[in-house]
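Novice: Protein chains in written order, with the working numbering: chain Z, -19 to 190; chain F, -19 to 190. Beta carbons: idealized from backbone N, C-alpha and C, even for Gly. Only a predicted model underlies this, so the values are computations on that prediction, with no experimental measurement involved.
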């Protein structure tokens, strides 16, 4: 088994934090995103989508998505449970992860991909033909982000962690989105005390540095 | 327990197909999207996000996401398994569902929300302040869609169903995306024989009419 990893980028970080929380270690190959190694022939022969992370299983199957990689390990190692235990917990974690992706992470990606001059022509992540940046989509991302933070603040006003009393995959997804927002130069989540408390607690866990 | 459902829209349809495949029935309330009932005070008091479907549990918790609702039932009723059995199946279904969402369904939504004149000012699903349509984003959706279909064709060239030998939640997600593409007036998936075979088989299941 081999994990294709990359420094700095948000999706590989999600997997690293997850593995650290589970106490698991996996053989890793680091792909150099600054040198566009993810779009080079060698990596595209492994993952034609040109995205990182990807997990190559011993039978040759490739899992090319961060959350799916974590689910794979969750089925092999149930404790500590990071995707929930009861049906309601499982559903709450899944629903909040999808909201984080669609409203929070998507907002950051909209800004990052469409407003970073170095990414001209690369409006989508991975291997695509030329995809023009859309300035209005960066604007839409800036509109979405504070609304997402309000939602996150409301969740965290009701529980210690994003999806309940226990730290879960939803915390990992939210932490990565909030930290990635800095790279997109979105305004920080000031004036939201529940987020401030939670962000300090999540960042203080050793996994956050993985 | 009560399911807030709606005719015609893709996300509620996912839940209906899932429930039909599982042989489950749930009390339903139908929200009239054509009358904007999802944005009226009565429904917003139940689901402030203004989206459908949503599942209200007996203890008052609301699950406001289609896939999370299905996962809730999956944990209560394991057979037939629609989210996979082995770790590799679970991961493959999850990865393909996320690709369907991010590359396929997102392409359709980009076109539908940004090119439908009746949706002017409503560029995002649910309760938002005015969100201008972005014509260039509809264009990007038209660029993404055939690439997604190529990917779906490749998956279906290798197995009977989207994520393996068994019908799964990934088939439900893909069927709903492909059928929703008609509403966005995207070109049909012609010249792709594996999709044609699969689409006929998935559409012939009684669940497709749920």
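Can you tell me where the beta strand (DSSP E) holding residue 55 of chain Z begins and where it ends?
Specialist: Bounds of any beta strand (DSSP E) do not take in residue 55 of chain Z; it lies within the alpha helix (DSSP H) bounded by 46 to 56.
Novice: Is there contact here, the segment -9 to 6 of chain Z with the segment 38 to 54 of chain Z, by at least three beta-carbon pairs under 8 Å?
Specialist: yes
Novice: At what residues does the alpha helix (DSSP H) containing residue 156 of chain F begin and finish?
Specialist: 149 to 163
Novice: Would the beta-carbon of residue -3 of chain Z fall within 8 Å of that of residue 187 of chain Z?
Specialist: Between residue -3 of chain Z and residue 187 of chain Z, the CB-CB gap stays under 8 Å.
Novice: For residue -8 of chain F, is the classification buried or exposed, using 16 other Cβ atoms within 10 angstroms of its Cβ as the cut-off for buried?
Specialist: buried
Novice: Excluding sequence positions up to five away, which residues of its chain have a Cβ less than 6 Å from the Cβ of residue 26 of chain Z?
Specialist: none
Novice: Counting contacts by CB-CB distance shorter than 8 Å, is residue 47 of chain Z in contact with chain F?
Specialist: yes
Novice: Where do the N-terminal and C-terminal ends of the beta strand (DSSP E) with residue 10 of chain F fall, by residue?
Specialist: 8 to 10
Novice: What does the Cβ neighbour count give for residue 41 of chain Z, buried or exposed, with the cut at 16 atoms within 10 Å?
Specialist: Exposed, because fewer than 16 other Cβ atoms sit within 10 Å of the Cβ of residue 41 of chain Z.
Novice: Would DSSP call residue -18 of chain Z helix, strand or coil?
Specialist: strand
Novice: Measuring alpha carbon to alpha carbon, tell me which of Z:35, Z:127, Z:135, Z:-16 ends up nearest residue 175 of chain Z.
Specialist: It is Z:135 whose Cα lies nearest to the Cα of residue 175 of chain Z.
Novice: Classify residue 172 of chain F as helix, strand or coil using the three-state DSSP reduction.
Specialist: Taken through DSSP and simplified to helix, strand or coil, residue 172 of chain F comes out as coil.
Novice: Is any beta-carbon of chain F found at less than 8 Å from that of residue 200 of chain Z?
Specialist: What is shown of chain Z runs -19 to 190, which leaves residue 200 of chain Z out entirely.
Novice: Is residue 90 of chain F close to the ligand MG? I mean its beta-carbon at under 7 Å from any heavy atom of the ligand.
Specialist: What this structure holds is no ligand at all, so the ligand MG is not there to describe.
Novice: Identify each residue in the segment 23 to 47 of chain Z for which the Cβ-Cβ distance to at least one residue of chain F is less than 7 Å, and report them in chain order.
Specialist: 37, 41, 43, 44, 45, 47
Novice: Put residue 34 of chain F into one of helix, strand or coil per three-state DSSP.
Specialist: strand
Novice: Between the alpha carbons of residue 153 of chain Z and residue 141 of chain Z, how many angstroms are there, rounded?
Specialist: 12 Å
Novice: Under 7 Å, CB to CB, which of the residues in the segment 50 to 64 of chain Z have a partner in chain F?
Specialist: 51, 52, 55, 56
Novice: For a minimum of 3 consecutive residues, which ranges assigned as the beta strand (DSSP E) are wholly contained in the segment 59 to 111 of chain Z?
Specialist: With a minimum length of 3 residues, no continuous beta strand (DSSP E) run stays inside the segment 59 to 111 of chain Z.
Novice: With DSSP run on the structure shown, which of helix, strand or coil describes residue 129 of chain Z?
Specialist: helix
Novice: If I follow the unbroken alpha helix (DSSP H) through residue 1 of chain Z, where does it start and stop?
Specialist: Under the DSSP assignment, residue 1 of chain Z falls in the alpha helix (DSSP H) whose first and last residues are -10 to 2.
Novice: Quick one: list the residues of chain F neighbouring residue 114 of chain Z, beta-carbon separation under 8 Å, in chain order.
Specialist: By Cβ distance, chain F contributes 114, 116, 117, 120.
Novice: Is it the case that the Cβ atoms of residue 165 of chain F and residue 129 of chain F are separated by a distance below 8 Å?
Specialist: no
Novice: Could you check if residue 66 of chain Z is buried or exposed, using at least 16 other CB atoms within 10 Å of its CB as the buried criterion?
Specialist: exposed
Novice: Is the beta carbon of residue 111 of chain F less than 8 Å from the beta carbon of residue 101 of chain F?
Specialist: yes
Novice: Within its chain, find whatever has a CB closer than 6 Å to the CB of residue 147 of chain F; leave out the 5 residues flanking it on each side and keep chain order.
Specialist: Contacts found: 141.
Novice: Tell me the DSSP secondary structure of residue 114 of chain F in three-state form.
Specialist: coil
Novice: Determine which residues of the segment 73 to 85 of chain Z have a Cβ less than 9 Å from any Cβ of chain F, and write them out in chain order.
Specialist: 73, 74, 75, 76, 77, 78, 79, 81, 82, 83
Novice: What in chain F is Cβ-close to residue 67 of chain Z, meaning under 7 Å?
Specialist: 52, 55, 56
Novice: Just to confirm my understanding: we take residue 18 of chain F, look at its own chain, exclude 5 residues before and 5 after, and list those with CB closer than 6 Å. What are they?
Specialist: 11, 30, 32
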